[in-house]
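**Student:** Using my numbering, the letters of the sequence shown map in sequence onto residues 32 to 326. Backbone N, C-alpha and C define an ideal beta-carbon position, used for all residues, glycine too. Let me give you the structure first, and then I'll get to my questions.
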Amino acid sequence: MNRRVGTPRGRLVAVLVVTMTVLVAEFVGALITGSLALLADAGHMLTDAAGVAIALTAASLALRPAAGRRTFGNHRFEVLAATTNAVLLFAVGGYVLVEAVRRFDDPPAVPSLALLLFGLAGLAGNLVSLRILYPVRQSGLNVRGAFLEVLGDALGSAAVVIAAVVIALTGWRYADIVASLAIASLILPRTWRLFRESVDVLLEAAPRDLDLAEVRRHVLGLTGVLGVHDVHAWLITSGMPAVSAHVVVEEVEGTSHGQLLDRLCDCLRVDFGIEHSTFQLEPASHRGHEHAAHD
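In structure tokens form, the structure reads like this:
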């Protein structure tokens with residue numbers, strides 16, 4: 032694999048091509064067989080393809096430099112893309128649940144051989160996509176979301192294959208409905224996790240893996256620091272945390288605070304992996320001027 036294809040962007044492009052190919056095959060298969068499970072898997076792949084396309088667009092926009100009112104650049108487009116993808120997945124999962132309940136009264140006959148062939152084709156395509164994304168699966172919200180979606184698709188295709196085998200061996204028509212419900216159960220929980228993480232970023236919640244009490248303790252342990260308050264932590268986008276804080280410092284005549292500021296930034300960078308930090312250094316006498324909302 033050449034260097035360009037080996038990047039997260041190149042791998043997403045490759046996965047998009049594979050996913051679109053399998054999507055067309057499964058959609059045709061759903062029309063031919065009348066299988067709800069195959070239609071659910073095709074619908075899931077449609078959202079996968081849309082999600083990857085959105086992720087690629089977001090990645091391109093994020094590369095544009097900060098300008099004008101967008102002082103952080105376009106990094107939040109990745110988060111908006113992940114949120115949109117989650118909403119689409121919720122819609123697909125909800126449709127499958129409603130249609131499955133409707134079909135329970137009179138499950139249609141589904142040709143098992145055709146269902147098996149289309150299911151195997153979908154499974155093969157998903158395994159190829161998983162192999163492409165696995166090395167970069169933790170490189171960002173959208174890449175991780177795409178990896179989880181393809182993993183869910185692979186399990187969904189496996190459910191289609193199992194349903195086809197059950198129908199062929201026993202003639203049990205409910206197998207297709209059960210498989211579609213299994214696919215929906217795979218879609219919805221992981222979609223909720225992706226949605227929750229994306230909304231956390233949009234609401235500027237503190238990163239889940241960052242202990243603010245520990246940050247305070249590290250800052251207070253630095254020589255020359257008397258106190259710290261108004262500490263805020265958020266994610267600009269996945270993998271890009273930021274912290275701001277007011278730091279109360281000793282008032283020593285002739286002392287430069289430049290070195291202390293360097294130590295504060297180094298503390299967050301080395302101990303917590305935070306590259307973007309902003310500190311307001313203030314004397315103890317400034318406390319009376321702080322806004323009442325500050326902690």
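Based on DSSP bridge pairs, tell me the residues matched to residue 179.
**Tutor:** Looking up residue 179 in the sequence shown gives position 148. None, per the DSSP bridge assignment.
**Student:** Consult DSSP for residue 160 and reduce its assignment to one of helix, strand or coil.
**Tutor:** Numbered from 1 along the sequence shown, position 129 holds the residue referred to as residue 160. Residue state, collapsed to three classes: helix.
**Student:** My output table needs one value for residue 324: the three-state DSSP class, helix, strand or coil.
**Tutor:** If you number the sequence shown from 1, residue 324 lands on position 293. Because residue 324 carries a pLDDT of 49, less than 50, the predicted location of this residue cannot be relied on, and the following value inherits that uncertainty. Of the three classes helix, strand and coil, the one that applies to residue 324 here is coil, per DSSP.
**Student:** For residue 155, name the three-state secondary structure that DSSP assigns.
**Tutor:** For the purposes of this step, residue 155 is taken as residue 124 along the sequence shown, with counting starting at 1. Looking at residue 155 - three-state DSSP - the assignment turns out to be helix.
**Student:** Could you tell me the distance, in whole angstroms, from the CA atom of residue 298 to the CA atom of residue 167?
**Tutor:** Stepping through the sequence shown from its first residue, residue 298 is reached at position 267. Stepping through the sequence shown from its first residue, residue 167 is reached at position 136. Cα to Cα, the separation comes out at about 28 Å.
**Student:** Which residues in the same chain as residue 61 place their Cβ atom closer than 7 Å to its Cβ, once the five residues preceding and following it in sequence are excluded?
**Tutor:** Working through the sequence shown from its first residue, we reach residue 61 at position 30. Counting only Cβ-Cβ distances below 7 Å, and skipping sequence neighbours, we find 69, 70 and 73.
**Student:** Per DSSP, what are the beta-bridge partners of residue 272 in this structure?
**Tutor:** Taking the first residue of the sequence shown as 1, we reach residue 272 at position 241. DSSP lists 266 as partners of residue 272.
**Student:** Relative to the C-alpha of residue 234, which candidate in 207, 215, 206 and 263 has its C-alpha closest?
**Tutor:** Locating residue 234 in the sequence shown gives position 203, where the first residue counts as 1. The shortest C-alpha separation from residue 234 is found at 263.
**Student:** Among 188, 279 and 154, whose alpha-carbon lies nearest the alpha-carbon of residue 315?
**Tutor:** As a position in the sequence shown, residue 315 is number 284, starting the count at 1. When each option's Cα is compared against that of residue 315, the closest is 279.
**Student:** Here's a check: name, in chain order, each residue in its chain whose Cβ is nearer than 6 Å to the Cβ of residue 311, leaving out the five neighbours to either side.
**Tutor:** Residue numbering aside, residue 311 sits at position 280 when the sequence shown is read from its first letter. Excluding residues within five positions, the ones whose Cβ falls inside 6 Å are 277.
**Student:** Roughly how many angstroms separate the alpha carbons of residue 63 and residue 241, rounded to a whole number?
**Tutor:** By 1-based counting over the sequence shown, the position of residue 63 is 32. By 1-based counting over the sequence shown, the position of residue 241 is 210. Straight-line Cα distance between these residues: approximately 51 Å.
**Student:** If we ignore side chains and look at the alpha-carbon of each, how far apart do residue 67 and residue 308 end up?
**Tutor:** Taking the sequence shown and counting its residues from 1, one reaches residue 67 at position 36. Taking the sequence shown and counting its residues from 1, one reaches residue 308 at position 277. Looking at the two C-alpha atoms, the distance is approximately 51 Å.
**Student:** Is the separation between the beta-carbon of residue 149 and that of residue 208 shorter than 8 Å?
**Tutor:** Translated into the one-based positions of the sequence shown, residue 149 becomes position 118. Translated into the one-based positions of the sequence shown, residue 208 becomes position 177. Result no, Cβ atoms of residue 149 and residue 208 do not sit closer than 8 Å.
**Student:** Quick check on DSSP: helix, strand or coil for residue 237?
**Tutor:** What you label residue 237 is simply residue 206 of the sequence shown in a count that begins at 1. Reduced to three states, the DSSP call for residue 237 is coil.
**Student:** Please tell me whether residue 153 and residue 191 are closer than 8 Å, where the distance is taken between their beta carbons.
**Tutor:** Against the sequence shown, residue 153 aligns to sequence position 122. Against the sequence shown, residue 191 aligns to sequence position 160. In contact: residue 153 and residue 191 (Cβ atoms closer than 8 Å).
**Student:** By a C-beta neighbour count over all protein chains shown, 10 Å radius and 16 as the cutoff for buried, is residue 108 buried or exposed?
**Tutor:** One-based indexing of the sequence shown puts residue 108 at position 77. Buried is the call here.
**Student:** Check whether the segment 259-274 touches the segment 203-221, taking contact to mean three or more Cβ pairs, one atom from each stretch, closer than 8 Å.
**Tutor:** Segments in contact, no.
**Student:** Tell me which same chain residues have a C-beta within less than 7 Å of the C-beta of residue 130, skipping the five on either side of it?
**Tutor:** In the sequence shown, residue 130 corresponds to position 99, counting from 1. Counting only Cβ-Cβ distances below 7 Å, and skipping sequence neighbours, we find 67.
**Student:** Mind pulling the alpha helix (DSSP H) runs of 4 or more residues that sit fully within the segment 42-124?
**Tutor:** The qualifying runs are 67-93.
**Student:** Counting only the same chain and skipping the five closest in sequence on each side, list residues whose C-beta sits under 6 Å from that of residue 295.
**Tutor:** Counting from 1 along the sequence shown, the entry for residue 295 is found at position 264. Result list for residue 295: 310, in chain order.
**Student:** Once you ignore the five residues that flank residue 247 on each side, which residues in its own chain have a CB closer than 7 Å to its CB?
**Tutor:** Translated into the one-based positions of the sequence shown, residue 247 becomes position 216. Contacts found: 259 and 262.
**Student:** How is residue 292 classed by DSSP in three states: helix, strand or coil?
**Tutor:** Within the sequence shown, the letter at position 261 stands for residue 292. In the structure shown, residue 292 sits in a helix (DSSP, three-state: H, G or I).
**Student:** Residue 79: which of 291, 184 and 317 sits nearest, CA to CA?
**Tutor:** On the sequence shown, position 48 is the one that residue 79 refers to. Here the closest residue by C-alpha is 184.
**Student:** Between residue 244 and residue 229, what straight-line distance do the alpha-carbon atoms span, to the nearest angstrom?
**Tutor:** The count along the sequence shown starts at 1 and reaches residue 244 at position 213. The count along the sequence shown starts at 1 and reaches residue 229 at position 198. Rounded to the nearest angstrom, the two C-alpha atoms are 24 Å apart.
**Student:** With residue 282 as the anchor, note down where its beta strand (DSSP E) starts and where it stops.
**Tutor:** As a position in the sequence shown, residue 282 is number 251, starting the count at 1. Note, residue 282: premise wrong, no beta strand (DSSP E); not H, not E.
**Student:** Does DSSP put residue 308 in a helix, a strand or coil?
**Tutor:** Start at 1 with the first residue of the sequence shown, and residue 308 comes out as number 277. Strand.
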